[in-house]
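**Q**
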Amino acid sequence: MAHDRSPHSGGPRALVSGLECDSHTWNLVYIELVLRELGHEVVNLGACVPDGLVVRECRRHRPGLVVIGTVNGHGLASGVRLARRLRGSPGLATVPLVIGGKLTTSGTGGPRVTGPLLAAGYSAVFPEDTGIGAFRSYVETLAAGAAHAERAVR
Numbered sequence: 001m002a003h004d005r006s007p008h009s010g011g012p013r014a015l016v017s018g019l020e021c022d023s024h025t026w027n028l029v030y031i032e033l034v035l036r037e038l039g040h041e042v043v044n045l046g047a048c049v050p051d052g053l054v055v056r057e058c059r060r061h062r063p064g065l066v067v068i069g070t071v072n073g074h075g076l077a078s079g080v081r082l083a084r085r086l087r088g089s090p091g092l093a094t095v096p097l098v099i100g101g102k103l104t105t106s107g108t109g110g111p112r113v114t115g116p117l118l119a120a121g122y123s124a125v126f127p128e129d130t131g132i133g134a135f136r137s138y139v140e141t142l143a144a145g146a147a148h149a150e151r152a153v154r
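Be aware that the sequence shown starts at 1, since it is given in UniProt numbering, and climbs by one per residue.
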C-alpha cells in the first residue's frame, strides 16, 4: 500500500518505487529524502511493487516525476517492462520517468544498458556509477522548467 508521508508543501509531487523483483528499501528512502530536500512531496511505494500497482498509483497521484530505484541488478529487464506499461497508460505518456541504481549484474551502465531503457520510455537513466549529483541536477532542472512554464501560463 502506498504511503504519502509528505506534508503538503505545495511542491511538485514525485512518486518513488522499487521494481517488483527488488526487495531493497534503503535506496528508496534515500531518494525520498533527497527529493524532499529539493522541495518535493513524495509518495514512496516501497519495494517489490508490481508494475500494475505503479501504474495505478501514478494515475491516482498524478506525479510530476516518477523515480524507479533498483539495487539487485535486474533494473534493465524489469525497468524496460515497467516503462512500457507506464508509457502505454492514458495520461502517463509524458510524465518524467527516471530509473537509477544497479541496472545489471554484469557491470555498470553504458549504451547497451541505457539505450534500451531510454528507448522503452525513460526520460533519464542513472547507473550506479553516476552518483547522486547528476540526479539532483536533473530534478532541479525539471523543477526550474516547471516553474518557468507556470509563470508563462499566468
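Every residue gets a Cβ at the ideal spot worked out from N, C-alpha and C, and that includes glycine.
No experiment lies behind these values; they were computed from the predicted model shown.
Could you tell me whether the Cβ atoms of leucine 76 and proline 116 are closer together than 9 Å?
**A** On the sequence shown, position 76 is the one that residue 76 refers to. On the sequence shown, position 116 is the one that residue 116 refers to. Yes; because the gap between Cβ atoms is below 9 Å, this pair is in contact.
**Q** Under DSSP, the beta strand (DSSP E) around asparagine 44 begins and ends at which residues?
**A** Residue mapping note: residue 44 aligns to position 44 of the sequence shown, counting from 1. Element bounds for asparagine 44: 41-44.
**Q** Can asparagine 27 and glycine 73 be called in contact, C-beta distance under 9 Å?
**A** On the sequence shown, position 27 is the one that residue 27 refers to. On the sequence shown, position 73 is the one that residue 73 refers to. Against a cut-off of 9 Å, the Cβ pair of glycine 73 and asparagine 27 comes out as no contact.
**Q** Excluding the 5 residues flanking leucine 118 on each side, which residues of the same chain have their C-beta closer than 7 Å to its C-beta?
**A** If you number the sequence shown from 1, residue 118 lands on position 118. The residues are Val125.
**Q** The alpha helix (DSSP H) with proline 90 in it runs from where to where?
**A** Taking the first residue of the sequence shown as 1, we reach residue 90 at position 90. Element bounds for proline 90: n/a, residue is neither H nor E.
**Q** Alpha carbon to alpha carbon, how far is glycine 107 from valine 43? Give it in angstroms, no decimals.
**A** Taking the sequence shown and counting its residues from 1, one reaches residue 43 at position 43. Taking the sequence shown and counting its residues from 1, one reaches residue 107 at position 107. Approximately 30 Å, taken between the alpha carbons.
**Q** To which residues of the same chain is glycine 121 closer than 7 Å at the C-beta, ignoring the five residues directly before and after it?
**A** Along the sequence shown, one-based indexing puts residue 121 at 121. Ala83, Arg84, Leu86, Arg87 and Leu97.
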